Amino acid sequence: MISIMICKTLRDMAKWQSCFAQTRRANLLQSIEYGLSYGQFMGQKPRQAFIQIDGQPAGICQLMEAGVLNNAIHAIIVDRGPLWLDGFGTKDHHVAFWQEFDRLYKRRLGRKRRIFPELTMREASVADMEGLGFTRLAGPGYQTIWLDLRPGLDVLRGNLKSKWRGPLSKAERSDLEVQWDSDGTSFPMLLNGYVADKGNRGYQGPSSKLLQILARYFSVKQNLLIGRAQQGATTVAAIMILCHGRSATYQTGWTTPAGRACNAHNLLLWNALQVLQDRNIQDFDLGGVSDGAARAVKKFKEGMGGETVELLGIFN
């Protein structure tokens, strides 16, 4: 028997946070800081829930909720959940969770459901979710790349593809200097560069307002890492990484023509691995990738030797 129980007390929240901190590959979207940030950005409320199976703690899940008229008009969202504790997370457990979710939040007039399961193509199929009554929305599945940071740096360097390692070596021989801060000091610089780069190159990316809110919440406990590559007094590239539990996520970054010429992003990301290891981070999510217009970004991230995973996509 499975149950989904919403946290109601500060003690519940502390216990939920402890479970999150114990979970491998606990993704950014399920973190409390992200829930608070995105909730403020979208006008939604984050709800943290415990999952029990046969009375035993089995996992956790963060839901986003919005409603008016006593929830007659209601939206419920699960982004990349649930997360499972050790010993749980089988296909049967996933099925039981989504059956219980459907019972609690039935599709009805006035309710919008957006469900983005943390389920890979290896673990289940679209047909499995549709068999439970959910409908897959049009669009490709979500891909990302996870890098296991538990091995030593020598092993991680050996796992780099040669076409990634070569530019890294070139960057290490250059006059670049990498600097980090975790309290938000460099965030205005990163944001200004991001806005300019996004405007010049015309790519899609998170809004500057959302990045500002994320920086505010994640910097409270110094879980906002800003790395910048300096060429003398000039910043030629910068990246933003968010730490959550034992995991971290590459959020955004930018580079200049001078930064590209000396492979500054290779140096920043490589240096980030040591910084994250020093913080006892075990898993690094390199961020979403695709086979479309941003194929070059995917190829670059694949060069770090991580595991590419594809999730089932979004359902309602």
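Count along the sequence shown starting at 1, add 1326, and that's the number in my numbering. Just so you know, even glycine gets a beta-carbon here, dropped at the ideal spot from N, CA and C. Keep in mind the model is a prediction, meaning the values are calculated, not measured.
Item                                                                                                 : Value
Distance CB(W1342)-CB(I1386) smaller than 7 Å                                                        : yes
Counted within 10 angstroms of its Cβ, other Cβ atoms place E1359 as buried (16 or more) or exposed  : buried
Alpha helix (DSSP H) segment containing V1504, residue limits                                        : That residue, V1504, is in no alpha helix (DSSP H); its beta strand (DSSP E) goes E1503 to D1507.
Proximity of M1568 and L1445 at Cβ, strictly below 7 Å                                               : Residue identity differs from the one stated: residue 1568 is Leu in this sequence, not Met. Their beta carbons are not under 7 Å apart, which means L1568 does not touch L1445 by this criterion.
Cβ pair G1459, D1428 closer than 7 Å                                                                 : yes
Neighbourhood of A1347 by C-beta, 7 Å cutoff - its chain only, sequence neighbours within 5 removed  : G1571 and R1572
Short Cβ contact (7 Å threshold) for L1594 with I1640                                                : no
Distance between L1435 and V1504 (C-alpha atoms, nearest Å)                                          : 54 Å
Cβ separation of H1591 and T1581, assumed to be a contact under 8 Å, to the nearest whole Å          : 6 Å
Which of helix, strand or coil DSSP assigns to M1331                                                 : strand
Closest by C-alpha distance to D1501, when choosing among R1483, S1363 and N1589                     : N1589
Range covered by the beta strand (DSSP E) that runs through L1551                                    : L1550 to Q1557
Cα-Cα separation between E1426 and I1377, rounded to whole angstroms                                 : 10 Å
Buried or exposed (CB count within 10 angstroms, at least 16 for buried), L1395                      : exposed
Inside the segment 1562 to 1635 only - beta strand (DSSP E) runs reaching at least 3 residues        : 1573 to 1581 and 1609 to 1615
Three-way DSSP call (helix, strand, coil) for P1443 in this model                                    : strand
Nearest-angstrom beta carbon gap, W1472 and R1351 [assumed within contact, 8 Å]                      : 6 Å
Beta bridge counterpart(s) of C1387 as assigned by DSSP                                              : A1375
Beta-carbon proximity check, Q1469 vs E1636, cutoff 7 Å                                              : yes
In DSSP terms, what K1438 is bridged to                                                              : A1401
CB contact flag (G1407, Q1374, <7 Å)                                                                 : no
Which of helix, strand or coil DSSP assigns to R1527                                                 : helix
Rounded distance between the beta-carbons of D1507 and I1552, thought under 8 Å                      : 6 Å
Nearest neighbour of Q1600, chosen from G1478, G1413, R1491 and G1369 [CA to CA]                     : G1478
Exposure of G1558, with buried meaning 16 or more beta-carbon neighbours within 10 Å                 : exposed
Beta-carbon gap between G1631 and L1475 smaller than 7 Å                                             : no
Burial state of K1489, where buried means 16 or more other Cβ atoms lie within 10 Å                  : exposed
Beta carbon of T1575 nearer than 7 Å to that of L1354                                                : yes
Proximity of I1539 and Q1388 at Cβ, strictly below 7 Å                                               : no
Those residues which DSSP pairs with Q1343 across a bridge                                           : Answer is none; Q1343 lacks a bridge partner.
Whole-number beta carbon distance between S1363 and P1297, since they are thought to touch under 8 Å : Since the first residue of the chain shown is 1327 and the last is 1642, residue 1297 is not available in this structure.
Extent of the continuous alpha helix (DSSP H) to which D1418 belongs                                 : K1417 to L1430
Integer Cβ distance of G1585 from A1555, believed to fall under 8 Å                                  : 6 Å
7 Å Cβ shell around V1521 - same chain, five flanking residues per side excluded                     : S1534
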